[in-house]
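A.B. asks: If you're matching positions, the sequence shown starts at 39 in our numbering and goes up one per residue. Ideal placement from N, C-alpha and C gives every residue a C-beta, glycine not left out. Bear in mind that the values here come from a model prediction, so they are computed numbers and not experimental data.
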Amino acid sequence: MNPYLTNENLHALWACLVLAVAASSIAITITHTEVFAPLRAWTQKLGHMVGYLFQCFYCMSHWVVFLGILIYRPRILSSGSLLADLVVSAFFTLTLSAFVSGIFFKVFLTAMAMKVREKEVKEIMAKK
Numbered sequence: 039m040n041p042y043l044t045n046e047n048l049h050a051l052w053a054c055l056v057l058a059v060a061a062s063s064i065a066i067t068i069t070h071t072e073v074f075a076p077l078r079a080w081t082q083k084l085g086h087m088v089g090y091l092f093q094c095f096y097c098m099s100h101w102v103v104f105l106g107i108l109i110y111r112p113r114i115l116s117s118g119s120l121l122a123d124l125v126v127s128a129f130f131t132l133t134l135s136a137f138v139s140g141i142f143f144k145v146f147l148t149a150m151a152m153k154v155r156e157k158e159v160k161e162i163m164a165k166k
């Protein structure tokens with residue numbers, strides 16, 4: 039049997055996937071939605087770097103992933119060093135999170151483009 043496909047490693051892979059999707063969703067929600075606009079405005083007053091963190095979904099996703107890794111401690115590889123294993127799991131999860139964010143944005147941009155086209159067609163039809 040492959041030593042990398044143990045139940046523990048499969049559980050860790052699943053945990054990393056779940057953390058990646060959750061981190062992407064949380065980061066995009068905090069950095070792009072109106073409900074968090076007051077929080078973003080407030081963090082701007084705390085300093086440039088803190089304010090930037092709350093406007094950059096990629097930056098925010100790092101902190102969300104790091105927190106998730108510290109809480110759940112998934113180890114997709116077992117090197118004998120807990121720190122090294124958690125760092126690998128964290129950056130693996132961050133990579134997955136970036137892919138998920140890319141998919142979210144692609145879907146969002148496609149939906150926005152469709153709405154713009156629908157509006158343009160309605161305006162053209164209204165002129166006739």
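Put F143 into one of helix, strand or coil per three-state DSSP.
C.D. replies: If DSSP states are grouped into helix, strand and coil, F143 belongs with the helices.
A.B. asks: Using a 10 Å radius around the Cβ and a threshold of 16 neighbouring Cβ atoms, would you call P112 buried or exposed?
C.D. replies: By the 10 Å Cβ count, P112 comes out buried.
A.B. asks: Would you kindly report the start and end of the unbroken alpha helix (DSSP H) that includes E46?
C.D. replies: From DSSP, the alpha helix (DSSP H) with E46 extends over N45 to H70.
A.B. asks: List the endpoints of the continuous alpha helix (DSSP H) containing F95.
C.D. replies: Run containing F95: F95 to Y110, per the alpha helix (DSSP H) assignment.
A.B. asks: DSSP on S127, reduced to helix/strand/coil?
C.D. replies: In this structure, S127 counts as helix in the three-state DSSP scheme.
A.B. asks: Are F104 and T69 closer than 8 angstroms when you measure CB to CB?
C.D. replies: It is not a contact, given that the beta carbons lie outside the stated cut-off.
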